[in-house]
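Residue numbering for the sequence shown is 0 to 93, as defined by numbering that gives the first Met the number 0.
No residue lacks a Cβ here, since even glycine has one placed at the ideal position from N, Cα and C.
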Amino acid sequence: MAKPNPTETRRNLPPAVGRSMSVRILDEGMYDDLAVIMSTGCDASAAVRQALLILANVYYEAWSRGHYPHGVAPVITSANLQPYQPVRQADQAV
0 MAKPNPTETR RNLPPAVGRS MSVRILDEGM YDDLAVIMST GCDASAAVRQ ALLILANVYY
60 EAWSRGHYPH GVAPVITSAN LQPYQPVRQA DQAV
């Protein structure tokens with residue numbers, strides 16, 4: 000087996016599409032963070048997928064707009080939220 004080239008940069012790649020991924024809950028803070036997202040009614044897998052989607056979009060926008068160099072994790076200091084709009088049901092005649 001060939002030895003890896005010590006000067007070659009190793010890329011971290013995600014698991015292949017369709018493969019499972021496991022994430023260890025490292026501490027109470029991470030447990031609490033997951034519980035907050037799951038309080039919307041989703042399961043742990045959906046919560047992780049949602050968090051991953053949001054964070055990946057923030058990184059992508061920071062890099063594509065030139066705010067940070069590609070590969071550097073941006074410092075996130077705030078979030079913009081759309082105001083809550085309750086869904087009107089057909090039986091709510093007003």
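query: Between Val-47 and Val-22, which are expected to be in contact by the criterion C-beta below 8 Å, what is the C-beta distance as a whole number of angstroms?; result: 6 Å
query: Measure the CB-CB distance between Ala-45 and Leu-33 and report whether it falls below 8 Å.; result: no
query: Is the separation between the beta-carbon of Pro-124 and that of Tyr-58 shorter than 8 Å?; result: Outside the shown range of the chain, which is 0 to 93, sits residue 124, and nothing can be said about it.
query: Looking only at C-alpha atoms, which of Ile-53, Gly-28 and Ser-63 sits nearest to Ser-77?; result: Ile-53
query: How would you write the range of the alpha helix (DSSP H) that Leu-52 sits in, first residue to last?; result: 43 to 63
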